[in-house]
Amino acid sequence: MGDHYVPFRHCDKRRLVVFVLLAFIAGATFYSCTHLPAFSIADTPTIAHAQETVVPPGISHTSFEHGLAQCEALQRPRPVPQPVSERTVNPRGAVNSTLLIKNGYIWLGNEYMDGGDVLIQDGVIREIAMGIEPSRADKVVDAGGRVITPGIIDMHSHMMVDSIGGITAAIDGHEMSGPTKPYVRAIDAMRPTDLAIKVVASGGVTTNLVLPGSANVMGGEAAVVKLRPMPTLSVEDMLVTANATENEFPWRYMKFACGDNAKSFYGKQLKMPMTRMGEAYLFRKRFEEAQELMRQQDDWCDTAMRLNKTMHHDASSPEIQLSEPFPESLKLDSLIALLRHNVKLNIHCYLPQDIEAIVRHSLEFDFDIAALHHASSAWQVPEIIKRAKNNITVATSTDFWGTTVEVWDHNVYAPGILTEAGIPVTLITDHPVTNGRDLVYEAQRAYHYGWDEHLALASVTSAAATALGLDYRIGSIEVGKDADLVIWERHPLRLGARPKHVIVDGFELDFNASWFKGVVQEEFAEKDETQEEGSSSPIDVNDVHALPNRPTNALSLESHDANHPSLLKEACHPNTESFVLRNISKLYAAPGEVYTGAVDLVVEDGHVKCVGTTCEQAEWPSSAPIFQMHGGVVTPGIISSGVSMGLSEMINEPGTQDGFARNNIDDPDLSTSIVRAVDGLQFNGLHMRKAFKAGVTTSITQPMAAGDQMLAGVSVAFRTGIKHTLLDSNDTYVKTETALHFVITHGSSMTISQQMAALRSLLQDNEDKDAATNIFARAAQGQLAVVVETDDADEIASIINMKQHALPKVKFIILGGAESHLVASHLARVQIPVILMPARCVPLSWQARRCLYGPPYSKDTAIDILLRHGVLVGLASEDRKDGSARNLIWEAGWNLAHNKDMTQEMAVGLVTWNIAQMFGLDEQVGMIRQGYKADFIAYNGNPFEFGTTIDMVYGGGHPGPLCSPRQT
Ligand SMILES: *[C@@H]1O[C@H](CO)[C@@H](O)[C@H](O)[C@H]1NC(C)=O
Ligand SMILES: *[C@@H]1O[C@H](CO)[C@@H](O)[C@H](O)[C@H]1NC(C)=O
Ligand SMILES: *[C@@H]1O[C@H](CO)[C@@H](O)[C@H](O)[C@H]1NC(C)=O
Ligand SMILES: *[C@@H]1O[C@H](CO)[C@@H](O)[C@H](O)[C@H]1NC(C)=O
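The opening residue of the sequence shown carries number 1 in full-length UniProt numbering; numbering runs sequentially from there.
This is the structure in structure tokens:
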């Protein structure tokens, strides 16, 4: 995890190594003081002449010259970029080429231009107008009324220093040989063949700040790159400043980190820092050193300048002496540049005390903080942030929380709160912690939670450009700016939005082509051959550019006093177990059962009494409240699976979790000693509460296995809305023994072949035992599902083979499944369902390397291919890693944007009834049927559009309905 250090002592084995290494990420800038322009030849004659007469004792002429050049550079005024509107040259631009984009819905920062054209010349935007003559360009792209935004900018990525693909040797983000490494540089490690460059660009991301990790308080220098293929494979050619002209100031970028990471890592080795006090001292100590050297430099220059003058006026002035060369140190060079205000400093910092400490240091030593990164608690302390001398940007994520105490106070409304306080906000991904490709998803959710549409878009474009000091080139669609543009298939703030065209420096990116010399891409990108390219149907302009209205029709009571708020509150009382929902426009009840029109849902004593358009009013429960849904949409309650909800709160706080299970597979009594999740559940934790408020009413929770364990134990299905403890409901559990869980682990003491053999023999050897007393017999006989967690296509193939030839009765379920699309037809044939986790893959392990990203990178994702083959598919979140269980509905709807064969009903099934069916729970949860326990979510509009909110969650063991829950 990029900046998110989690010790991962014992968690997820397959990702263990990657996490540990990604846990801290390091960076590098590269314009150093030593990179200043060389001493000009033209000056030498004078000095050479002077040399004859006065050479300061102790230093050579060359040394003097070198020092003088440094001094001169230090004195040189910072170049002022030419006004944007006058720019006609992009130093990285497509030379002598013109490109015209016709008929766009152009986002101009705070409004749109409908039907506008953009003319690009030599990689610069030269004109934005209606009706530009196509004859003026060599090439014309028809935007077809689609939204055009500037290229997306991510100011927090570890791309290229921490490559995807699960190769530990390609992890270079943390120089963990000591806590203060301001002198290491990302540029020296960046890998130009990181597949992520292409993957991330396919999300419309055109510029990245590549940062070192956060293990160290001083991580090193960072670099800003543009994402387009460079035939040279030169990282320097990728820099935004490649070929930069003299009037551009070459900002340097640095990465620091405060808080838990360094003290946990070094503290465990009994090294400094063990505490935040130690971190603060280290910061101040290094700054003191840098300050001292900077003063020596200034003194030296002062003397040298006077000497230089003297040499030209009075060759024999005796009192000026220079006995030492210009004082320099590679170790302190970047810190001195920071003190000289030539660095954009990016600090990973979450908590109020950490933010205050770093602001305090910045005032003590007079340096500028460009951005506080992650900064989950920034919304709590805007006044502290404003104590700084300069405007600090908060570079945060919308909804990454829950792993540690540092992200416990995360707030989805933070962007709005900070904006209100006058603090600029940008959104970031921390790639590969979350896939850098999906940066717009951050903006989308910020918009969903009520942030302004234009600020949300600016947070991933212009606000980031400003924080990087690059707003004179990138971040907006303006005449004179670099031609970095994205044409979106649908409005970028809508679910599933993907680019149709990505243009960088005037070059259009080709995602069908190989980007690098080498075999890497062919290895990774597996295209599905099962389907012909569909003919493109004419597009509906309103569909591609409009952002749906946020539905406002809130839940109301149908009575003479309908909108009285206290009445509504009363009706949503814990005792309300009988009620009617009216005027639902669409109700997804079960597979093949979708009601539309003016649908009623009648609930009596917590059970569904009637659903449909023909419910008899005479049979409605007497005196039950009648809620008006004003056309809202109802789905079954969502089922979370694959994660340990209820067993874990903060993953690196052992006190907040059940722990990591060990099962001895050689124990003859394993059937009784096996770890059962039901015995460790803790109710009403923050993960559970947030998920429940988002309509996750059921969790299938499996024990967390220790890193080298292939048998995790037995899962439990339970209701997530329970008040305090299991005693608060007589219906807490849906099923106490839900499935047997195996995890294929890499790098453990058992080989994969041993694990497969052990799995097979545990089931085979017990097949004939008494199912009443032996859990493995139950599993072998198909009474209990067997979940095998793996991403690898060959391992999945082994399970398919096992089912076909040895264990035909076993109800296998594949969890993970990043490469399952490669064996889709076989999975369908032997009826093995797949739960994809995460729903949108990112290959953090080698076993997931052939995951499919979807358009425009590949035509399909695994979801598309599995559904097409008729595989039963479910989706799981990575709640333990990012608190994302509450986002499951959006994961379900993501593919609707590009997969025309997929219906909303199929999307609903991915997180409800499909999962219930896999685990044999479909008579209890995941559907809305007469006689079933009522368990549903009522939305005020289409759940697959951002901005739609929840009016009511009912079920999940919660007493009465939960009305208009507010996420935090
Ligand atoms: C040194 O003196 C020469 C001659 O006056 C002048 O051109 C040059 O700019 C001086 N160098 C510095 C660094 O001041
Ligand atoms: C920099 O300029 C050189 C010479 O014109 C050119 O070959 C190279 O492609 C340019 N680099 C970039 C990143 O555009
Ligand atoms: C661009 O066009 C101009 C004018 O035709 C020509 O002089 C120049 O050499 C061209 N540059 C490149 C890089 O092709
Ligand atoms: C900080 O931001 C405000 C509001 O945008 C602006 O007026 C002010 O000039 C900025 N201050 C600095 C030091 O950049």
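We put the beta carbon where it would ideally sit given N, CA and C, even for glycine.
Taking only heavy atoms of ligand 1 into account, decide whether any of them is closer than 7 Å to the Cβ of Leu68.
Inclusion of Leu68 in the 7 Å shell around ligand 1 follows from its C-beta lying nearer than that to a non-hydrogen atom of the ligand.
Can you find at least 3 beta carbon pairs, one from the stretch 277 to 297 and one from the stretch 324 to 339, that sit closer than 8 Å?
yes
Return the first residue and the last residue of the beta strand (DSSP E) that residue 970 is part of.
The first residue shown for the chain is 1 and the last is 968, placing residue 970 beyond what the model contains.
From Val147 to Ser748, what distance separates their C-alpha atoms?
49 Å
Buried or exposed: where does Asp3 fall if 16 or more other Cβ atoms within 10 Å of its Cβ makes it buried?
No answer about Asp3 holds up, because its pLDDT of 49 lies below 50 and its placement is not dependable.
Taking only heavy atoms of ligand 2 into account, decide whether any of them is closer than 7 Å to the Cβ of Asn96.
no
Can you list the residues near ligand 2, meaning Cβ strictly closer than 6 Å to any non-hydrogen atom, in the order they appear in the chain?
Listed by chain position, these are Arg92, Asp237, Ala242 and Asn243.
Which residues in the same chain as Ser63 place their Cβ atom closer than 8 Å to its Cβ, once the five residues preceding and following it in sequence are excluded?
Residues Pro325 and Phe326 of the same chain have their beta carbon placed closer than 8 Å to that of Ser63, with the five preceding and five following residues left out of the count.
Under a Cβ-count criterion, where at least 16 other Cβ atoms within 10 Å of its own Cβ denotes burial, should Leu363 be classed as buried or exposed?
exposed
Any heavy atom of ligand 1 within a distance shorter than 7 Å of the CB on residue 970?
Any property of residue 970 remains undetermined from this structure, which presents the chain solely from 1 to 968.
Rounded to the nearest angstrom, how far is the Cβ of Val908 from that of Thr613, given a contact under 8 Å?
Wrong, their Cβ atoms sit about 19 Å apart, outside the cutoff.
Kindly examine ligand 1 and report whether one of its heavy atoms sits closer than 7 Å to the Cβ of Glu65.
Every heavy atom of ligand 1 is 7 Å or more from the Cβ of Glu65, so no.
How long is the line joining the alpha carbons of Asp484 and Thr429, rounded to whole angstroms?
20 Å
Is Glu133 near ligand 1, judged by its Cβ being under 7 Å from some heavy atom?
no
In terms of DSSP beta bridges, what is Cys963 paired with?
Met952
Grab the span of the beta strand (DSSP E) containing Pro499 for me, first residue to last.
Pro499 to Val504
Is the beta carbon of Val714 sitting closer than 8 Å to the one on Ile674?
yes
Looking only at its chain, what residues have a beta carbon closer than 6 Å to the beta carbon of Pro833, apart from the 5 residues adjacent to it on each side?
Ile813, Leu872 and Met918
Please check if any C-beta of chain B sits within less than 8 Å of the C-beta of Glu442.
The structure shown has no chain B; it contains just one protein chain.
Extract the residue ranges of the beta strand (DSSP E) inside the UniProt domain "Amidohydrolase-related" (862 to 941), only unbroken runs of 3 or more that lie entirely within it.
873 to 875 and 936 to 939
Three-state secondary structure (DSSP) at Val84?
helix
Is any heavy atom in ligand 1 found nearer than 7 Å to the beta carbon of Met130?
no
Expressed to the nearest angstrom, what Euclidean distance is found between the alpha-carbon atoms of Thr968 and Phe692?
12 Å
Taking 7 Å as the cut-off, is the C-beta of Asn308 nearer than that to any heavy atom in ligand 1?
yes
If you drop the 5 nearest sequence neighbours on each side, which residues of the same chain put their C-beta closer than 8 Å to that of Leu36?
A caution first: Leu36 carries a pLDDT of 28, below 50, which makes its placement in the model too unreliable to give a value.
Using 10 angstroms around the beta-carbon of Gly931, count the other beta-carbons present and answer buried if the total reaches 16, otherwise exposed.
exposed
According to the neighbour-count rule (16 or more other Cβ atoms, all chains shown, within 10 Å of its Cβ), is Ala42 buried or exposed?
Its pLDDT being 29, under 50, Ala42 is placed unreliably by the model, and nothing is read from it.
Would you identify the three-state DSSP class for Val842, choosing helix, strand or coil?
Val842: coil per DSSP, three-state reduction.
I'd like to confirm the pairing. Which residues does DSSP put opposite Thr426 in its beta bridges?
Ala395
Could you tell me the boundaries of the alpha helix (DSSP H) in which Cys71 lies?
His61 to Gln75
Less than 8 Å between C-beta atoms, sequence neighbours within five positions excluded: which residues of the same chain meet that for Thr552?
Asn940
For the structure I just gave you, are there three or more beta carbon pairs, one from the stretch 420 to 437 and one from the stretch 115 to 130, closer than 8 Å?
no
Assign Ala780 to one of three DSSP states: helix, strand, or coil.
Helix.
Does the stretch 476 to 490 come close enough to the stretch 372 to 386 to have 3 or more Cβ pairs within less than 8 Å?
no
Just to confirm the assignment: which complete beta strand (DSSP E) runs, minimum length 3, are found wholly within the stretch 184 to 224?
The stretch 184 to 224 contains these whole beta strand (DSSP E) runs: 205 to 210.
If Gly956 and Leu686 are in contact, beta carbons under 8 Å, what's the gap, nearest whole angstrom?
Their Cβ separation, rounded to whole angstroms, is 16 Å, which puts Gly956 and Leu686 out of contact at 8 Å.
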